[in-house]
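Quick note, the sequences are listed as chains G and D, same order.
For the first sequence, our numbering begins at 246 and goes up steadily by one.
For the second sequence, our numbering begins at 843 and goes up steadily by one.
From the three backbone atoms N, C-alpha and C, an ideal C-beta is built for every residue, glycine too.
No experiment lies behind these values; they were computed from the predicted model shown.
Have a look at the structure below before the remarks.
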Amino acid sequence: MCVFRRLKIRTMNAVTPQLVARDGRKLARENVESPFAISGLTVSYGGRPAVLSVDFVTPPGAMVAIIGPNGAGKSTLIKAALGIVPRLSGEVTAFGLPREKAMARIAYVPQRASVDWDFPATVIDVVMMGYYRRLGLFRFAGTRLRRSALACLERVGMAAFADRQIGQLSGGQQQRVFIARALAQEADLYIMDEPFAGVDAVTERAIIAVLKDLKAAGKTIICVHHDLGTVTEYFDHVLLINVRRVAAGPVDEVFTIDNLQETYGGRLLTAENAGGVAPASPQAL
Amino acid sequence: MLDAFVAALFLQAGYNTALVTAGAAVLGASAGAIGAFMLLRKRSLVSDAISHATLPGLALAFIVMALATGDGRFMPGLLAGAALSAGLGLVAVEWITRRTRLTEDVAIGAVLSVFFGLGIVLLTVIQAMDTGRQAGISGFLLGSTAGMLRSEAEVIAVAATLTGLAIFVLRRPLTLVCFDQEYAATQGVNVRATDLATMALVLAVTVIGLKVAGLVLIVALTILPPVAARFWTNRVERMVLIAAAIGAVAAYLGAVVSSLGPGLPTGALIVLVSFAIFLFSLVFSPLRGLLAGQMTTLALRKRVHERQGLLALARDEPIYDPLTLKVLRRAGYIRADGAATLEGRSAALAATREEALWGLYRKLFPDQALNADYHGLTPINEALPPDVVRDLEQRCNLRAA
Chain G
246 MCVFRRLKIR
256 TMNAVTPQLV
266 ARDGRKLARE
276 NVESPFAISG
286 LTVSYGGRPA
296 VLSVDFVTPP
306 GAMVAIIGPN
316 GAGKSTLIKA
326 ALGIVPRLSG
336 EVTAFGLPRE
346 KAMARIAYVP
356 QRASVDWDFP
366 ATVIDVVMMG
376 YYRRLGLFRF
386 AGTRLRRSAL
396 ACLERVGMAA
406 FADRQIGQLS
416 GGQQQRVFIA
426 RALAQEADLY
436 IMDEPFAGVD
446 AVTERAIIAV
456 LKDLKAAGKT
466 IICVHHDLGT
476 VTEYFDHVLL
486 INVRRVAAGP
496 VDEVFTIDNL
506 QETYGGRLLT
516 AENAGGVAPA
526 SPQAL
Chain D
843 MLDAFVAALF
853 LQAGYNTALV
863 TAGAAVLGAS
873 AGAIGAFMLL
883 RKRSLVSDAI
893 SHATLPGLAL
903 AFIVMALATG
913 DGRFMPGLLA
923 GAALSAGLGL
933 VAVEWITRRT
943 RLTEDVAIGA
953 VLSVFFGLGI
963 VLLTVIQAMD
973 TGRQAGISGF
983 LLGSTAGMLR
993 SEAEVIAVAA
1003 TLTGLAIFVL
1013 RRPLTLVCFD
1023 QEYAATQGVN
1033 VRATDLATMA
1043 LVLAVTVIGL
1053 KVAGLVLIVA
1063 LTILPPVAAR
1073 FWTNRVERMV
1083 LIAAAIGAVA
1093 AYLGAVVSSL
1103 GPGLPTGALI
1113 VLVSFAIFLF
1123 SLVFSPLRGL
1133 LAGQMTTLAL
1143 RKRVHERQGL
1153 LALARDEPIY
1163 DPLTLKVLRR
1173 AGYIRADGAA
1183 TLEGRSAALA
1193 ATREEALWGL
1203 YRKLFPDQAL
1213 NADYHGLTPI
1223 NEALPPDVVR
1233 DLEQRCNLRA
1243 A
């Protein structure tokens, strides 16, 4: 209770003047280099703010983790930034353009649980969905596209499953298929919602290997992430949010016990969480 | 009677009947195809609201035309009225769902009953009118192809073909929106426009098909064929094609039988044929049918007994279960006296290896192993990606060494 009250007072004081002073276009002009810049983003669900005036400028080629407690608005933030859910205010630019003009360069990987896996589709059908922009309404999906879809599946170790019905896959396999579909889009920015949630350790290694490859190829990756123990190992930048932005920047500067405590409140130092964070972030101690 | 049926079935009962049945078939195909997308979007019942909402428009158009010209049966006028009030009903459902906290099923129930009730009241008004020519409108309730005009059949066939073409062109955005509308939005699909297009197509099919299937039962043409089709395939495009084929067959047969006599309601016949196809699919589909499910259970029982028997062989344990003995003997793994054969020995070894790998997998990934598909009886090479299997094998060898 005490934690909640403190948080509430602080957000109310901090936010209102910022909202008035914000100039999104200026920020967009200033961040032509950034693959994804968010300014003053606010989203409300049923009259309550789910995300409140969040700013974040993604450096090119970064691997960013968005972390925060349950209900902190992590998924809402990326969905609003991608135009999937409506926003109350704020601007989003990608590669120096208004976000909606750069969508062809962005691949979104939704949460695995957000779709009905009994849908009548095979693994390759789902990957082929990544070619929608290229195919449009009238072009024919030929064998060449099918071959490149298979190559995408190969990169996540799922080529042998191309003709399997998606309902027959395990959680980790489903996640690999979603990653393959994102690869098919050949985007420059990958925005993923909890790609490691509920997957086995081998799949997690396979996915992180693919992400590191993408990063090596100069791509930018933003993941909503829930496992504090792997942040320093996987990512180079973090955005800590709890409805509002708590801190953002390079992992070794921002992923500190102080910031985490501010993000998660007193709850962070329960026995299970403290064990997970402390060894993974020695610089914080 | 039989002769007439056979003649109509093979389009030999005169040009008019042939045209009507062919038109009905095209309509059934379009209805099945768009119905498949409605089913995948989980909005099948919207088409029920649409079809019932046509009645007040139909009746009003009839009254207006009867008062103006003395004859209310001019079909394009009736269909325009039907489309208008169905569109109004659709907007009402959309508005209630989006602007209030009520859910779509409530909105559908409310709109459907209110519009239908209003239509019935208007029908009573028509019956009280002294034009005495309300016969034209009763056919719209349950469908009637007997005595359908040639021009009417032509309108139905052409409009249904155009609708089918539109569905073909829109198949990709429709599929994307049905699978994951949020992802579809990031791929540049206008989700709202796609949904509106779907609704417009359902509305078109409904209005075009009013005379053939009748407004009370046309919903069966958009629901039963897709549900039956889902049993036969695991891919969207095939499901849409199969649904179209089933819809065409059902509508065709319904129209043929109905053309035999003026008293036979086409809509009811179409529903019965669709239902027969649905029932057949439900029982006999090799993919998802009841029979196949039963067979899978039996096959699983056999595999369980075989695995248990082989593991017992590997450990040189005695086997008592009669079914296990029978399964092993049939596979040639043991002789009649219960001693293991050479094949039995090697199969037992393979089973032990599988069991060890699966055991390790269960230990390492308890969450994944809970998934029903990974009960350890599926050969591990088929169930898991090759890199995972290699990883397991390495760990297993390390342990052994």
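For residue j and residue i, believed in contact at Cβ under 8 Å, the rounded distance
{"i": "Pro314/G", "j": "Tyr479/G", "result": "Not confirmed; about 19 Å, so no contact."}
{"i": "Leu1199/D", "j": "Leu1234/D", "result": "5 Å"}
{"i": "Val227/G", "j": "Glu439/G", "result": "Chain G is shown from 246 up to 530; residue 227/G falls before or after that span and cannot be answered."}
{"i": "Leu1124/D", "j": "Leu1114/D", "result": "Not quite, the Cβ-Cβ distance comes to about 15 Å (not below 8 Å), so this is no contact."}
{"i": "Ala358/G", "j": "Ile411/G", "result": "Not confirmed; about 13 Å, so no contact."}
{"i": "Ile892/D", "j": "Thr1048/D", "result": "5 Å"}
{"i": "Ile436/G", "j": "Ile351/G", "result": "6 Å"}
{"i": "Ala404/G", "j": "Leu414/G", "result": "Wrong, their Cβ atoms sit about 14 Å apart, outside the cutoff."}
For residue i, three-class secondary structure by DSSP
{"i": "Ala347/G", "result": "coil"}
{"i": "Val288/G", "result": "strand"}
{"i": "Gln410/G", "result": "strand"}
{"i": "Glu278/G", "result": "coil"}
{"i": "Phe957/D", "result": "helix"}
{"i": "Arg384/G", "result": "coil"}
{"i": "Ser1127/D", "result": "coil"}
{"i": "Tyr353/G", "result": "strand"}
{"i": "Pro1227/D", "result": "coil"}
{"i": "Val948/D", "result": "helix"}
{"i": "Gly443/G", "result": "coil"}
{"i": "Glu498/G", "result": "helix"}
{"i": "Met437/G", "result": "strand"}
Any chain D beta carbon closer than 9 Å to residue i
{"i": "Gln506/G", "result": "no"}
{"i": "Ser359/G", "result": "yes"}
{"i": "Tyr377/G", "result": "yes"}
{"i": "Met403/G", "result": "yes"}
{"i": "Gly328/G", "result": "yes"}
{"i": "Met348/G", "result": "yes"}
{"i": "Phe340/G", "result": "no"}
{"i": "Lys324/G", "result": "yes"}
{"i": "Leu459/G", "result": "no"}
{"i": "Pro365/G", "result": "yes"}
{"i": "Leu380/G", "result": "yes"}
{"i": "Pro355/G", "result": "yes"}
{"i": "Met374/G", "result": "yes"}
{"i": "Gly412/G", "result": "yes"}
{"i": "Asp445/G", "result": "yes"}
Residue i at chain G interface by Cβ criterion, 9 Å
{"i": "Asn1239/D", "result": "no"}
{"i": "Met917/D", "result": "no"}
{"i": "Leu887/D", "result": "no"}
{"i": "Thr1017/D", "result": "yes"}
{"i": "Gln1029/D", "result": "yes"}
{"i": "Met1081/D", "result": "yes"}
{"i": "Pro1221/D", "result": "no"}
Distance, residue j Cα to residue i Cα
{"i": "Leu1066/D", "j": "Tyr1175/D", "result": "48 Å"}
{"i": "Gly387/G", "j": "Phe852/D", "result": "38 Å"}
{"i": "Ile1009/D", "j": "Ile323/G", "result": "32 Å"}
{"i": "Phe340/G", "j": "Pro1228/D", "result": "38 Å"}
{"i": "Ala901/D", "j": "Leu1016/D", "result": "33 Å"}
{"i": "Arg378/G", "j": "Thr1005/D", "result": "24 Å"}
{"i": "Ile968/D", "j": "Leu882/D", "result": "39 Å"}
{"i": "Ala1193/D", "j": "Gln1150/D", "result": "9 Å"}
{"i": "Ala446/G", "j": "Val309/G", "result": "21 Å"}
{"i": "Ala995/D", "j": "Ser889/D", "result": "23 Å"}
{"i": "Val483/G", "j": "Leu327/G", "result": "19 Å"}
{"i": "Glu278/G", "j": "Pro304/G", "result": "8 Å"}
{"i": "Ile876/D", "j": "Thr1064/D", "result": "7 Å"}
{"i": "Phe879/D", "j": "Cys1020/D", "result": "7 Å"}
{"i": "Arg1034/D", "j": "Ala1055/D", "result": "29 Å"}
{"i": "Ile1050/D", "j": "Gln356/G", "result": "41 Å"}
- Task: Give a yes or no on contact between the stretch 913-928 of chain D and the stretch 1074-1087 of chain D, applying the rule of three or more CB pairs nearer than 8 Å.
- Result: No: the two stretches stay apart, fewer than three of their Cβ pairs being nearer than 8 Å.
- Query: Does the stretch 1070-1078 of chain D come within contact of the stretch 1109-1129 of chain D, defined as at least 3 CB pairs closer than 8 Å?
  - Reply: Under the 8 Å Cβ criterion, the stretch 1070-1078 of chain D counts as touching the stretch 1109-1129 of chain D, having at least three qualifying pairs.
- Count the C-beta pairs between the stretch 932-940 of chain D and the stretch 903-912 of chain D that are closer than 8 Å, then say yes if the count reaches three, no if not. The count of Cβ pairs closer than 8 Å, one atom from the stretch 932-940 of chain D and one from the stretch 903-912 of chain D, stays below three, leaving the stretches out of contact.
- Query: Counting Cβ pairs, one atom from each stretch, are 3 or more of them under 8 Å apart for the stretch 385-401 of chain G and the stretch 422-435 of chain G?
  - Reply: Touching, yes, given that three or more Cβ pairs across the two stretches are closer than 8 Å.
- Does the pairing of the stretch 1034-1048 of chain D with the stretch 921-936 of chain D give three or more beta-carbon distances under 8 Å? With a cut-off of 8 Å, the stretch 921-936 of chain D and the stretch 1034-1048 of chain D count as touching, because enough Cβ pairs lie within range.
- Query: Given 8 Å as the limit, is there contact between the stretch 1144-1160 of chain D and the stretch 1090-1098 of chain D, that is, 3 or more CB pairs closer than that?
  - Reply: No, the stretch 1144-1160 of chain D does not touch the stretch 1090-1098 of chain D.
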